[in-house]
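*Asks:* For the record, the sequence lines run as chains V and U. To convert, count from 1 in the first sequence and add 406; that's the numbering used here. To convert, count from 1 in the second sequence and add 406; that's the numbering used here. Ideal Cβ positions, reconstructed from N, Cα and C, are used throughout, including at glycine.
2 protein chains.
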Amino acid sequence: MTNFSALLSYPTHSSLFARFSNGTVVPIPLSEPNVPQNGVVVPYHAYAPSGSAYGEAVFLNYGREEDYRVLSANGVEVRGCVGIVRRGSGMSRYEVVANAAAHGVSAVLMYTEGEYKEGVERGTVMKGLGDPLTPGWGGVDGGEKLDLNDPRVSEKFPGVPSLPVSEAAAEIILGSLEGTRVPYEWRESFKSGGRIIRRVGPGGTMLNFTFKGKKEMATIHNVFAVIKGSEEPDRSVLLGNHRDAWTYGAVDPNSGTAALLDIARRFSLLMRLGWNPRRTIVLCSWDAEEFGMIGSTEWVEQNLMNLGSKAVAYFNVDCAAQGPGFFVSATPQLDDLLVEVTKQVRDPDSENGSLHERWTAANKGVNIQRLSRVDSDFAPFLQHAGVPSVDLYFGIDFPVYHTAFDSYDWMINFGDPSFQRHVTVAGIWGIVALHLADDPILPFNYLSYATELQEYKNVLNTLLDGTISLQPIAAAIQEFTTAANETEEEIKKLGMDQNLGESTVLRRRMMNDRLILTERGFLDPDGLPGRQWFKHLIYGPRGDTESKIDFFPGIADAICRKDEEREARIRHEIWRVARAIRRAASALSGEFFT
Amino acid sequence: MTNFSALLSYPTHSSLFARFSNGTVVPIPLSEPNVPQNGVVVPYHAYAPSGSAYGEAVFLNYGREEDYRVLSANGVEVRGCVGIVRRGSGMSRYEVVANAAAHGVSAVLMYTEGEYKEGVERGTVMKGLGDPLTPGWGGVDGGEKLDLNDPRVSEKFPGVPSLPVSEAAAEIILGSLEGTRVPYEWRESFKSGGRIIRRVGPGGTMLNFTFKGKKEMATIHNVFAVIKGSEEPDRSVLLGNHRDAWTYGAVDPNSGTAALLDIARRFSLLMRLGWNPRRTIVLCSWDAEEFGMIGSTEWVEQNLMNLGSKAVAYFNVDCAAQGPGFFVSATPQLDDLLVEVTKQVRDPDSENGSLHERWTAANKGVNIQRLSRVDSDFAPFLQHAGVPSVDLYFGIDFPVYHTAFDSYDWMINFGDPSFQRHVTVAGIWGIVALHLADDPILPFNYLSYATELQEYKNVLNTLLDGTISLQPIAAAIQEFTTAANETEEEIKKLGMDQNLGESTVLRRRMMNDRLILTERGFLDPDGLPGRQWFKHLIYGPRGDTESKIDFFPGIADAICRKDEEREARIRHEIWRVARAIRRAASALSGEFFT
C-alpha cells in the first residue's frame, strides 16, 4: 500500500430556491429523493468554490462556445444569471463551468439527460489530473506542496460555484423560463424530457443558489498486489482499477474491482499449480480517481523514472459492466493481442460463440478506440508516462453514472444480471496479462501503430485542406513503418530461434526493450503548449473545446487559434509530432542516428 | 558519418584604429604578426553581430558585475565607450559582452593575459550549446529551423559587436588611457604585463572599431567508428573528441584526436587477436565544437531517446596534452574506476612509477573535478542527456589557447615534447573503455556519488548559514546512500555467482540497467529555470555570474536572487534537487515506490 496526502474536496451545505414569476418560492431538490442515501455523499462538484448567487435563471444548452454565440445572436444576456447547462458535449465539467464564468454567469447548475430523471451526476470540476498541490511530482506526505493560494493551484478550479442537479429538478426551472424561445438548432438534440423547455430566459424565474464546500488534506491509499517475475522481475505488467466511488459504485468502479479480485483469485490458483510469471505483474487499486485520477497520477509521477524503463503496459478497467456491448480502447501496438484474446473468450450475451464474433458483427469489423480521453486511470500512464495502455468495458454511457442509483440493485436488474460480463472482463484482462507477462517476445505489433498514424495524417490533411504541408509527418511515418517492418522480421527470426542459451536470452531482452521504449518516443519533455503535464504528442485531451480531432492534440489546438500566429504554430506542432514519431522509430529500430 | 546543417559564423572584415590624445591615429594589429597564418581564420568572435563603434576607450577589468560597481563608485561612466576587458574570471565570452552591452558599452575588445602577448584568443560568443536555430532538437538537413530573426535565436547573441585582441594590442590602448586611476583592488591580479595600465579612462584615447561577419548555414560532419558489441550491442560506451580547430589546433583538439586515433589502432590490433567488446564501443569525432559544442549537441539531441537507455558512459578528451600535470573530471560513480586505471599506466613525466603515484603526490590525494563546465563535448551528454561522463587532460590553461601559436612547433617545444603524455591519455582512455565495454557488471560505484552529494549539502548549508532547511535533500541523500549500499552488496553477490546460465546473465543485465539509469534520475524534464535545455540538477553551469558554487545550479541561481521571491525559489529548488536525488535512488534500487 502506498499513501499520498492530497487535497480533496467535500460539500458542507447546498441549497437552491426558485422564485417563479407568480411570486411563489419553492426549494429545488438537490439529491435523489427515492433511493437510500446511507453513506452516499450528497450531490456536489468536487473543488467547486463556495459561494452564493441570486439571479435570473438562463438556459445555456451544453455551455459550448457556439451556444453562447447562439444566445448572443438571439439577444440573450447571460451576465449575472444563474446558468443551467446540460451535460453531453464532451466538454469536461471544468470547461463548462469555466466557460460560463468567462461569460459572466454567476453560478452553474448542471444536469444529465436520461432515463433516470431523478439521478444527480456527482463529479469533479478540477482542471487537469492529480493532486492540485503537487503538479508534476508525487504528493508524498511531508513532501513539497504548493500553497492553496498559489496561482498554479487556484487556476485549476473554476471561478464560480456550481452544483449538479437532476434532470427533474432542472425541468422545474427550465419549464418556467420566459424570455427568448429555445433556438431552433438546439431543439433536435433534446431527449424526450427536454420537450418541456420552450424558452431560455432570462426572465420568469429567479434562483437563489448557495454552495459551501471545504477543501482539505486527506491521506489516500493505493493498494497493490505484486507477483514478482521469476526471470525478469524488473519488467512489470500493470493492471489497474480505482476503488473510490461517489455513491454505491456497483458499476463505477466495483464492477472493475470485482473483475480485478477475480483475476487475483485465478492467478493465485495458477501459482498453487506452480506457475510464476516471467515478468512481474502488479495489480493496482487506485484511490481518489473520482477527484481527478489522483491516486494513479501521484503514483505515476512518483515512479516516472522507473516506469519509463520497467513498465511493459498498463491495462485499466473501470466501469467494467455497464450493459451490453464490448468496448475497448488501446494504444495500437496492442490491437492484435486484444483481437486474438477476444477469440479466446466466450461472448457473455450469446448462447455460444466467441466475443470476437459478436463484437466484430456489431461493429462490422474490429473497432478499437484510442486513448485521448482523461476519464480514467490510464490517462497518467499513457499521457504522462508513455506506457502502452488498454481500457475496456461492457456497455457504454450507463444512465446511473455517478448517481445514487449506481447500486447492486441496478447491476442485477440492468447492468449485468447474470454477472457474465464481469466474468468475460476478468477473462480478457487476465489472458492479456498472461501474454504480456509470459511471452518471451512481447506481443506488440507496431505496424498497427504505423497504419493508425497514417490515417491520422490523412484526416489532418483533409482538415487543413492541404494548405500546410504534412511532409515532415509523412517522412517520419515512413521511417516508423520501415522500423516496424524490420522489427517484425527480426521478431519472426528470434521466435524461431531454438537455441535458448545466453545469447538468445539477451537478444530477446534487447528486442523487448525496444518494443517497450517505442511508446516513450511519443513523449516530449516540453509537453503540450500550455499543458506541459501532458507529454504524449499523439494522444491527449484537446486544449481548445472547439478542436475537431482526438489525436495530435498539439496540432489540433494550434488549428483552433484565430490569431496571426496560427499558421506558424501549426507548422511548429507538425514538426514536433514528426520528431516524436522519429524518436519512436529510432527506439523501435534501436539504432543511433548515423 | 552523420551530417547536420547548422548556423555558423565567419568574419569578413575587421579594423581598429586608436586616436591618441596627441592626435595621432594608429591601426591596432588584429592578428598574430609573427606566425604563419596560412589556413588560419583571422581572430574574431563567432556570432558577434556586425557593427561599428567610435568612442572613448575604457578599461572594464574582467567585465564582472562587481567591476562595473567599482567603476561606478569611482565615477567612471562607460556608456557609449568601447570597452576593453581581460579574460579570466570564469565568465563566458557571451556573458562578458552581454554584460557590457547591458551597461551601455558600444563594442568590446577582449584580451587574454599570458606568456604569448601577441596571441589572440578566438572563440564563440554564443550563449548556450548547439545550433541556435534548432534549440532542443537535432538540426538535420531539411528539418525544422527557427528563423534567424526569431527572438529565441537572437537572444543567443550579444547585442553589441566584439573582437578578441592580443595582450600586446590591448596594452597599446590601455597604456594610453587617461581619466580615473586603476582601482586599487584590480591591480594585484595583473600578470606582469599589466603594470603598464595606470588609468582606466575614459579619456585620452578614442577607438574606431569595425567588425563585419556573416552567419551562414553550413554542413557539419560528425565521424564515427563503431565496434559492435558481441553480447549486448544495444549498450554503448562512447569516446569522443572534436575535430574542428580555430587555428592549427595542435593541442586543441588534435592532441585528443591523436589519442583517439591511437585507441582505434590499438582496438584494431585487439580485434585481429580475436577480441570483440561485450558492449558496443563508439569512437566519435565531433565537428563545430568551437562554435558551441554544435556537432555533439545536435547528435545528442537527435539521439536523446536512444542515449537514455543505451549509453553506458561518455568519455571526452579535448586538449589532451597542454603541458605537465594530470587533470581529470568525472561524474562520481566513475571515480573508483579512474583511480584504479591511473595505477595501471606509467606516469609520462617520470622515469618510473605509475601515474597514480605522481598524481596523488601532486594533489595530496585523489583530486577529481566535476563537470558543471560547458567547455567541451561532455556537456550535452551529461547536462542534457544524463550520461555518466569523464573529461581529462595533461596540463591546464595552456598559454596558446585558440591562438595561431597552437601549432606543432609549440607542441614539440612545450606541450608534450616526447609525446608521452599523448600515449598516457590513450592508455587511460582505452583501458577505461575496455572496462566499461567488457566488465560483466559495470564498474560504477554510487557510494562515491552519495559522499559527494553529502559534501555539497554541507557546503550549501554553510552558504545558507542554516537559514533554510536542507532536510529534503538530507533525506533524499539518505535514501540514495541506502540504495548505493544495497546495490554494492548485490553486486558483490552477483560477481561471485559462478553459474553463467540464463538467470545470471539476465540478473547482471538488470543490475547494469539500474547502474546506467541512475544518472538519468538527476535529470528533470523542466530543466533549470530560464535555461530549460540544461536538465541535470546536480551539475550544470550557473545562470547568475555571481553564483558561488559549481553544483546544484538551480539552487545556486536562486540564492543569487535579490527579489522578494528569493526564499520561496530557493526552497522550491531544494525540493527539486531532493526529488532528483530520490529519482536516482529509485532507479538505483530498481524498485517502485511502495
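(1) Counting contacts by CB-CB distance shorter than 9 Å, is residue 899 of chain V in contact with chain U?
(2) Roughly how many whole angstroms lie between the Cα atoms of residue 472 of chain V and residue 418 of chain V?
(3) Put residue 451 of chain V into one of helix, strand or coil per three-state DSSP.
(4) Given a cut-off of 9 Å, decide if residue 490 of chain V and residue 466 of chain V are closer than it, judged by their beta-carbon atoms.
(5) Return no unless some Cβ of chain U is closer than 9 Å to the Cβ of residue 863 of chain V.
(6) Determine the DSSP secondary structure at residue 417 of chain V, reduced to helix, strand or coil.
(7) List the endpoints of the continuous alpha helix (DSSP H) containing residue 741 of chain V.
(8) What are the boundary residues of the alpha helix (DSSP H) that includes residue 377 of chain U?
(9) Counting only beta-carbon separations shorter than 9 Å, does residue 535 of chain U have a partner in chain V?
(10) Give the DSSP-derived three-state secondary structure of residue 628 of chain V in the structure shown.
(11) May I have the straight-line CA-CA distance separating residue 558 of chain V from residue 538 of chain V, to the nearest angstrom?
(12) For residue 620 of chain V, name the three-state secondary structure that DSSP assigns.
(13) Compare the C-beta of residue 835 of chain U with all C-beta atoms of chain V and state if any pair is closer than 9 Å.
(14) CA-CA distance, residue 523 of chain V and residue 832 of chain V?
(15) Going by C-alpha to C-alpha distance, which of U:560, U:949 and U:685 sits closest to residue 496 of chain U?
(16) Excluding the 5 residues preceding and the 5 following residue 792 of chain V in the sequence, name in chain order all residues of the same chain whose CB lies nearer than 8 Å to its CB.
(17) Would residue 853 of chain V pass as a contact of residue 890 of chain V if the rule is Cβ separation under 9 Å?
(18) Look at the Cβ atom of residue 783 of chain U, then the Cβ atom of residue 648 of chain U, and state whether they are nearer than 9 Å.
(19) Helix, strand or coil for residue 681 of chain U? Go by DSSP, reduced to three states.
(20) Which partner residues of residue 433 of chain U appear in the DSSP bridge assignment?
(21) In terms of residue numbering, what span does the beta strand (DSSP E) encompassing residue 488 of chain V cover?
(22) Taking any Cβ of chain U, which residues in the region 705-720 of chain V have a Cβ under 9 Å from it, in chain order?
(23) Our contact map puts residue 626 of chain V next to residue 424 of chain V with C-beta atoms below 8 Å; I'd like the distance itself, whole angstroms only.
(24) Could you have a look at residue 692 of chain V and say whether DSSP puts it in helix, strand or coil?
(25) Rounded to whole angstroms, what's the CA-CA distance from residue 436 of chain V to residue 542 of chain U? Just pull it up for me.
(26) With a CB to CB cut of under 8 Å and the five nearest residues on each side skipped, what residues in its chain are close to residue 527 of chain V?
(27) What does residue 927 of chain V reach in chain U if we use C-beta pairs closer than 7 Å?
(28) For residue 755 of chain U, which residues in the same chain have their Cβ closer than 8 Å to its Cβ, ignoring the five residues on either side in sequence?
(29) Which class does residue 818 of chain U belong to by DSSP, given the choice of helix, strand or coil?
(30) Which chain V residues sit within Cβ distance under 9 Å of residue 996 of chain U?
(31) If you draw a straight line from the alpha carbon of residue 651 of chain U to that of residue 947 of chain U, how long is it in whole angstroms?
(32) Report the partner residues of residue 568 of chain V according to the DSSP bridge assignment.
(33) In angstroms with no decimal places, state the Cα-to-Cα distance between residue 886 of chain V and residue 624 of chain U.
(34) Indicate whether at least one CB of chain U lies closer than 9 Å to the CB of residue 622 of chain V.
(35) Does residue 649 of chain U come within less than 9 Å of chain V when only Cβ atoms are used?
(36) Comparing C-alpha positions only, which one of U:916, U:904 and U:881 sits nearest to residue 893 of chain U?
*Replies:* A quick look at the data gives this:
(1) As a working mapping, residue 899 of chain V is identified with position 493 in the first sequence. With 9 Å as the cut-off, residue 899 of chain V does not count as an interface residue toward chain U.
(2) Here residue 472 of chain V refers to the residue found at position 66 of the first sequence. Here residue 418 of chain V refers to the residue found at position 12 of the first sequence. Computed Cα separation, rounded: 34 Å.
(3) Taking the first residue of the first sequence as position 1, residue 451 of chain V is located at position 45. Three-state DSSP puts residue 451 of chain V in a strand.
(4) By 1-based counting over the first sequence, the position of residue 466 of chain V is 60. By 1-based counting over the first sequence, the position of residue 490 of chain V is 84. Yes, the pair counts as a contact, with Cβ atoms nearer than the cut-off.
(5) Position 457 of the first sequence, counting from 1, holds the residue named residue 863 of chain V. No, residue 863 of chain V does not count as interfacial toward chain U.
(6) The residue you call residue 417 of chain V lines up with position 11 of the first sequence. The answer is strand: DSSP assigns residue 417 of chain V an E or B state.
(7) Along the first sequence, read from residue 1 onward, the residue named residue 741 of chain V stands at position 335. Note, residue 741 of chain V: alpha helix (DSSP H), 741-750.
(8) Here chain U covers residues 407 to 1000 and nothing more, so residue 377 of chain U does not appear.
(9) Residue mapping note: residue 535 of chain U aligns to position 129 of the second sequence, counting from 1. Chain V, which has no Cβ nearer than 9 Å to the Cβ of residue 535 of chain U, makes this no.
(10) Numbered from 1 along the first sequence, position 222 holds the residue referred to as residue 628 of chain V. Note: residue 628 of chain V maps to strand in three-state DSSP.
(11) Taking the first sequence and counting its residues from 1, one reaches residue 558 of chain V at position 152. Taking the first sequence and counting its residues from 1, one reaches residue 538 of chain V at position 132. Cα-Cα distance, rounded: 8 Å.
(12) The count along the first sequence starts at 1 and reaches residue 620 of chain V at position 214. Residue 620 of chain V: strand per DSSP, three-state reduction.
(13) For the purposes of this step, residue 835 of chain U is identified with residue 429 of the second sequence, where counting begins at 1. So, not an interface residue.
(14) Within the first sequence, the letter at position 117 stands for residue 523 of chain V. Within the first sequence, the letter at position 426 stands for residue 832 of chain V. Cα to Cα, residue 523 of chain V sits roughly 32 Å from residue 832 of chain V.
(15) Reading the second sequence from its first residue, position 90 is the one you call residue 496 of chain U. Out of U:560, U:949 and U:685, U:949 has the C-alpha closest to the C-alpha of residue 496 of chain U.
(16) Here residue 792 of chain V is taken as the residue at index 386 of the first sequence, counted from 1. Closer than 8 Å at Cβ, skipping near neighbours: 714, 925, 926, 927, 928, 929, 941 and 942.
(17) What you label residue 853 of chain V is simply residue 447 of the first sequence in a count that begins at 1. What you label residue 890 of chain V is simply residue 484 of the first sequence in a count that begins at 1. A contact, by the Cβ cut-off of 9 Å.
(18) Locating residue 783 of chain U in the second sequence gives position 377, where the first residue counts as 1. Locating residue 648 of chain U in the second sequence gives position 242, where the first residue counts as 1. Taking 9 Å as the Cβ cut-off, residue 783 of chain U and residue 648 of chain U qualify as a contacting pair.
(19) Position 275 of the second sequence, counted from the start, is the residue given in the question as residue 681 of chain U. DSSP places residue 681 of chain U in coil when its eight states are reduced to three.
(20) The sequence position of residue 433 of chain U within the second sequence is 27, counting from 1. In the DSSP output, where bridge partners are listed per residue, residue 433 of chain U has U:423.
(21) Along the first sequence, read from residue 1 onward, the residue named residue 488 of chain V stands at position 82. 488-492 is the span of the beta strand (DSSP E), which, as asked, contains residue 488 of chain V.
(22) 705, 708, 709, 710, 711, 712, 713, 714, 715 and 716
(23) The residue labelled residue 626 of chain V in the question sits at position 220 within the first sequence. The residue labelled residue 424 of chain V in the question sits at position 18 within the first sequence. Not confirmed; about 38 Å, so no contact.
(24) As a first step, residue 692 of chain V must be located in the first sequence, where it is residue number 286. The answer is strand: DSSP assigns residue 692 of chain V an E or B state.
(25) Counting from one through the first sequence, the residue named residue 436 of chain V turns up at place 30. Counting from one through the second sequence, the residue named residue 542 of chain U turns up at place 136. Straight-line spacing of the CA atoms in residue 436 of chain V and residue 542 of chain U works out to 53 Å.
(26) If you number the first sequence from 1, residue 527 of chain V lands on position 121. Answer for residue 527 of chain V: 449, 493, 516, 517, 518, 570, 807, 808 and 809, listed in chain order.
(27) As a first step, residue 927 of chain V must be located in the first sequence, where it is residue number 521. Near residue 927 of chain V (Cβ distances below 7 Å), the residues of chain U are 711.
(28) As a working mapping, residue 755 of chain U is identified with position 349 in the second sequence. The answer, listed in chain order, is 730, 764, 826 and 827.
(29) Start at 1 with the first residue of the second sequence, and residue 818 of chain U comes out as number 412. Helix.
(30) Counting from one through the second sequence, the residue named residue 996 of chain U turns up at place 590. By Cβ distance, chain V contributes 639, 640, 712 and 716.
(31) Translated into positions along the second sequence, residue 651 of chain U becomes position 245. Translated into positions along the second sequence, residue 947 of chain U becomes position 541. Roughly 24 Å separates the two Cα atoms.
(32) The count along the first sequence starts at 1 and reaches residue 568 of chain V at position 162. Its beta-bridge partners are V:514.
(33) Here residue 886 of chain V is taken as the residue at index 480 of the first sequence, counted from 1. Here residue 624 of chain U is taken as the residue at index 218 of the second sequence, counted from 1. Rounded to the nearest angstrom, the two C-alpha atoms are 28 Å apart.
(34) Mapped onto the first sequence, residue 622 of chain V falls at position 216. Judged by the 9 Å Cβ criterion, residue 622 of chain V is not in contact with chain U.
(35) Position 243 of the second sequence, counted from the first residue, corresponds to residue 649 of chain U. Judged by the 9 Å Cβ criterion, residue 649 of chain U is not in contact with chain V.
(36) As a position in the second sequence, residue 893 of chain U is number 487, starting the count at 1. Nearest of U:916, U:904 and U:881 to residue 893 of chain U, Cα basis: U:916.
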